[in-house]
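So the structure is just underneath, and the comments pick up after that.
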């Protein structure tokens, strides 16, 4: 960092391993804080599998789509509050207390869910887990960012994203491990308490963020920690840059005290940072990533896979690709840059969503026909809507599954699942009779010869999303704000992320029922197109920059409408922003 603003180093990935090998203290800080990302990821993934068995245990949940959405999304609602409170807590009391409180809340929620005797208590547990996840989602990358050397900051913050996706992958393995155990979903949800306990005890023995300490006037404590992070020849430069940043803030504002929302918007660098940071968080959620993670097994069932276990096993593929993508992100983040990586990522997501739209359109418009009930044990269970319809000959599997008085299921032909099957009332007795004849029982999606392509579409989606938009929003938000505003702005961005997450998670199943699965994915695709434009126009490049220099760059950077042309202002020339 000596001699001015550093350019991005193409060997950042190698440098990350080299520095953490020679100074394992840096890696210890990053991995301990990153367990917050593991909690985040585990909760995202585990509910997708647990929901299949919660539906089996509680008929009310199976019948009512809004209850399924509520069980999933109440953790997101709790995360909105957790992220908002976490922003204040980070600025007032520090990064470390925020992580510790988040762990306690997550532990309480996991215990409540494991002991729940019905949907109400399950929802309460999900809210508590959400409080913890919300705090962790914005505090973990912030802590890692502020305890990392600038040269490898992107790579280390990406470890948080890797642990998020690793947590999701772990949750699918846990789901599969408990599919035949008594209590199934209780074990799936209760195991989440373990990483919360582990992080709590690890963080008890780690320091507060040196930048937060310096900001609060605890200079000697901050210097003691910086000495463990930076080599001697960089320590003085880093300390001086931090000192100048704090002094500039105090001089500008006349105080180092309370921050108001009006002040945030009136401060040019903060306003520009918020537009970029909050916008990235909105697009990360609104292109549908957490519908894939929360409802992955359900989406696979919508494509024509009947078995819970098979749906979970196939979902493991998407979760594994997500984890692998976050490893690729660590390599690319400081090599390719945040802005370019996000734009490429969203462009690929558009292609994947177009493919999913086409696959589900074909699946829903070419489902097997319904034949009159001929199985003797099912004669008394023929779907009433089918029996009373004068145009019953026009019924197919999709129309059968849309019957609502009562809800009906499709019992496929014993010889070939693509041949006409029977539309019968949905209950456990009928399910047992159908499966007892070695026939497949469908309640979510219909048999299809192209349904397996849905897994390919989901895989392509994850391959493009994970290395870019999976990590970039969190990294940008951990480094783009001036020190004085970093906690509250990070809290705002995380709150917006969780609010968008809530809107998508709470509406996905209802949307698939109201407008159909193909058009739901098409809607996400259109949003992704707008996301590409936003990234190219509004998001600056921050790779390789010390956090204090990013503030100077924002001061001189306006919205870049002609994104295909290189900028001419001197600062961006000096730091080589594309």
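Residue numbers (this note's numbering): 2 to 579.
Glycine residues also receive a C-beta, built at the ideal position from the N, C-alpha and C atoms.
All of these numbers come straight from a predicted model, not from anything done at the bench.
Any idea what DSSP makes of residue i, helix, strand or coil?
i	result
residue 442	strand
residue 435	helix
residue 556	helix
residue 370	strand
residue 209	coil
residue 542	coil
residue 450	coil
residue 467	coil
residue 55	helix
residue 350	helix
residue 62	helix
residue 498	helix
residue 583	In this structure the chain extends from 2 to 579, so residue 583 is not present and cannot be described.
residue 202	helix
residue 179	coil
residue 231	coil
residue 375	coil
residue 41	helix
residue 491	helix
residue 83	helix
residue 328	helix
residue 185	coil
residue 168	helix
residue 46	helix
residue 268	coil
residue 547	coil
Taking buried to mean at least 16 other C-beta atoms within 10 Å of its own C-beta, is residue i buried or exposed?
i	result
residue 389	exposed
residue 263	exposed
residue 1	Summary: the structure shown does not reach residue 1, with the chain confined to residues 2 through 579, and so no result is reported for it.
residue 205	exposed
residue 140	buried
residue 418	buried
residue 256	With a pLDDT of 49 at residue 256, under the threshold of 50, the modelled position of that residue is not reliable, and the figure given next carries that caveat. The residue is exposed, with fewer than 16 neighbouring Cβ atoms inside 10 Å.
residue 144	buried
residue 26	exposed
residue 420	exposed
residue 544	buried
residue 448	buried
residue 40	buried
residue 225	exposed
residue 1	The first residue shown for the chain is 2 and the last is 579, placing residue 1 beyond what the model contains.
residue 216	buried
residue 184	exposed
residue 503	buried
residue 181	exposed
residue 58	exposed
residue 138	buried
residue 534	exposed
residue 3	The predicted model places residue 3 with a pLDDT of 31, which falls under 50 and marks its position as unreliable, so this point remains unresolved.
residue 375	exposed
residue 430	exposed
Just curious, the beta strand (DSSP E) that residue i is in, first and last residue?
i	result
residue 410	409–412
residue 153	Residue 153 -> no beta strand (DSSP E), and no H or E assigned at all.
Start and end of the alpha helix (DSSP H) containing residue i?
i	result
residue 424	Careful: residue 424 lies outside any alpha helix (DSSP H), inside the beta strand (DSSP E) at 423–426.
residue 218	Segment: none, residue 218 is in no alpha helix (DSSP H) and carries neither H nor E.
residue 474	473–480
residue 132	120–147
residue 113	96–116
Does chain B have any CB closer than 8 Å to the CB of residue i?
i	result
residue 109	The displayed structure is made up of one protein chain only, and chain B is not part of it.
Task: Sufficient close CB pairs (3 or more, under 8 Å) joining the region 189–202 to the region 73–82 - done: no
- [ ] Counting only runs of 3+ residues fully inside the region 377–420, write out the beta strand (DSSP E) ranges in chain order.
- [x] 409–412
- [ ] State whether the region 474–483 contacts the region 272–282, with contact taken as three or more CB pairs (one from each stretch) at a distance under 8 Å.
- [x] yes
Task: the region 509–517 in contact with the region 112–125 per 3-pair CB rule at 8 Å - done: no
Task: Stretch-stretch touch, CB-based, cutoff 8 Å, three pairs: the region 311–320 with the region 44–63 - done: yes
Task: Residue ranges of each alpha helix (DSSP H) within the region 276–324, 4 or longer - done: 290–303
Open item on the list: With three or more C-beta pairs closer than 8 Å as the rule, is the region 327–346 touching the region 156–175?
Closed with: yes
Open item on the list: So, does the region 520–530 touch the region 98–105, judging by three or more C-beta pairs under 8 Å?
Closed with: A contact between stretches requires three or more CB pairs, one per stretch, nearer than 8 Å, and the region 520–530 fails this requirement with the region 98–105.
TODO: Pair every Cβ in the region 352–359 with every Cβ in the region 447–462, then say whether three or more of these pairs are closer than 8 Å.
DONE: yes
TODO: Report yes or no: do three or more beta-carbon pairs, one from the region 124–143 and one from the region 481–493, lie closer than 8 Å?
DONE: yes
Task: Three-pair Cβ contact test at 8 Å for the region 497–504 versus the region 359–367 - done: no
Task: Inter-stretch contact at 8 Å, needing at least 3 Cβ pairs: the region 81–97 / the region 123–137 - done: Three or more pairs of CB atoms, one per stretch, sit closer than 8 Å, so the region 81–97 contacts the region 123–137.
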